[in-house]
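To start, the structure under review is shown below, and the notes come after it.
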Amino acid sequence: MSGTPYGQLLGHVPRRRWTDQRLARVHQSMSCFLLYLGVRRRYPRLTHHTIIVGPRYEGLVRDIFDRKTLAGDFSMYVHTPSRTDPSMAPPGCESMYVLVPVPNAASGIDWKTEAPRMTLRILDALEAWGLDGLSGALEVREVFTPDDFASQFGATLGNAFGIEPRLTQTAWFRPHNRSEEVGGLYLAGAGTHPGAGVPGVVLSAAATCHAIAKDFGFGEA
Ligand SMILES: Cc1cc2nc3c(=O)[nH]c(=O)nc-3n(C[C@H](O)[C@H](O)[C@H](O)COP(=O)(O)OP(=O)(O)OC[C@H]3O[C@@H](n4cnc5c(N)ncnc54)[C@H](O)[C@@H]3O)c2cc1C
Numbered sequence: 232m233s234g235t236p237y238g239q240l241l242g243h244v245p246r247r248r249w250t251d252q253r254l255a256r257v258h259q260s261m262s263c264f265l266l267y268l269g270v271r272r273r274y275p276r277l278t279h280h281t282i283i284v285g286p287r288y289e290g291l292v293r294d295i296f297d298r299k300t301l302a303g304d305f306s307m308y309v310h311t312p313s314r315t316d317p318s319m320a321p322p323g324c325e326s327m328y329v330l331v332p333v334p335n336a337a338s339g340i341d342w343k344t345e346a347p348r349m350t351l352r353i354l355d356a357l358e359a360w361g362l363d364g365l366s367g368a369l370e371v372r373e374v375f376t377p378d379d380f381a382s383q384f385g386a387t388l389g390n391a392f393g394i395e396p397r398l399t400q401t402a403w404f405r406p407h408n409r410s411e412e413v414g415g416l417y418l419a420g421a422g423t424h425p426g427a428g429v430p431g432v433v434l435s436a437a438a439t440c441h442a443i444a445k446d447f448g449f450g451e452a
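Count the sequence shown with the working numbering and you get residues 232 to 452, in order.
Here's what the structure looks like:
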């Protein structure tokens, strides 16, 4: 039985296209290391979306996608909803999450060992960037690693964004919204057509509704 949710759910079905062997060859997207923070002070330097770019671009991308190693440097996306919506944190506080792109579990990184180190590296980097006293002001600190994507969401290789959107895994080459294996089965979501991201997933739901409406003679959905 395949290690993918698709393979697990359809493990008993003879499959023409998405066989276990084929599923095993699918390239999974990268993963993310996430810190969810509740902070007992305000940081006006942060905006709702803040991107802090590290010293390298191409080399870092190759570390994540090709070499699958945990680099010594990183780029960060910091999401701080309390910057625009005061109800997201108590008065005088911020709520935020920090997203650092990392390789998926094909890397073999031992996150039990690396997560505490990575957490300290990120907090140090944020303080160096200008978030003074961040570590000492933490009320909440939750860590989410590729292992958690795998164990909590069943994400293959702990990927964060489903099947990697490379050319040969895009559009028609993704699993279709109308199942290619089982009559009356329809697929929607990041792992199918057109792909990941909330807009992609909503479009996927719309495409699936059209397929169902057509198959069952409901006319335009
Ligand atoms: C950190 C992060 C930040 C993101 N930020 C953005 C953003 O800013 N904008 C944007 O557009 N997109 C963003 N995305 C992408 C977006 O969240 C996803 O593309 C979207 O949520 C995928 O929706 P989905 O319904 O296909 O899958 P999911 O939302 O992943 O839902 C799948 C569900 O299926 C469950 N499941 C798995 N296996 C089984 C099983 N065997 N039986 C039952 N249930 C099962 C999982 O537990 C999960 O709850 C982000 C993703 C991540 C990880």
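We treat Cβ as the ideally placed atom computed from N, Cα and C, and that holds for glycine.
Near ligand 1: residue i beta-carbon under 8 Å from a heavy atom
i	result
S306	no
G238	no
L265	yes
G420	yes
E392	Here residue 392 turns out to be Phe, not Glu, going by the sequence shown. Checking every heavy atom of ligand 1 against the Cβ of F392, one is found closer than 8 Å.
S435	yes
C-beta atoms of residue i and residue j nearer than 9 Å
i	j	result
T311	Y274	yes
R246	E370	no
E373	L301	no
A442	R409	yes
A438	P425	yes
V309	Y328	yes
Residue i: first and last residue of the uninterrupted alpha helix (DSSP H) it sits in
i	result
I295	Run containing I295: none; DSSP gives neither H nor E here.
E345	342 to 360
I443	429 to 446
H380	His is not the amino acid found at residue 380; the sequence shown has Phe there. Its alpha helix (DSSP H) spans residues 377 to 384.
P236	236 to 240
Closer than 8 Å: residue i CB and nearest ligand 3 heavy atom
i	result
Q400	By its list of ligands, the structure shown excludes ligand 3, since it contains just ligand 1.
Residues that residue i bridges to, as DSSP identifies them
i	result
C324	BP columns for C324 are empty, so no partner.
V331	F264
F269	Residue identity check: residue 269 is Gly in the sequence provided, not Phe. Paired residues: S326, V371.
Where the beta strand (DSSP E) containing residue i begins and where it ends
i	result
M319	First-last for M319: undefined, no H or E at that position.
H310	307 to 310
Closer than 8 Å is the cut-off here; do at least three beta carbon pairs connect the region 325 to 343 with the region 291 to 303?
yes
State whether the region 419 to 431 contacts the region 356 to 373, with contact taken as three or more CB pairs (one from each stretch) at a distance under 8 Å.
no
Using 8 Å as the cut-off, can you tell me whether the region 388 to 401 makes contact with the region 250 to 262, which would need three or more C-beta pairs spanning the two stretches below that distance?
Three or more Cβ pairs drawn from the region 388 to 401 and the region 250 to 262 lie within less than 8 Å of each other, which places the two stretches in contact.
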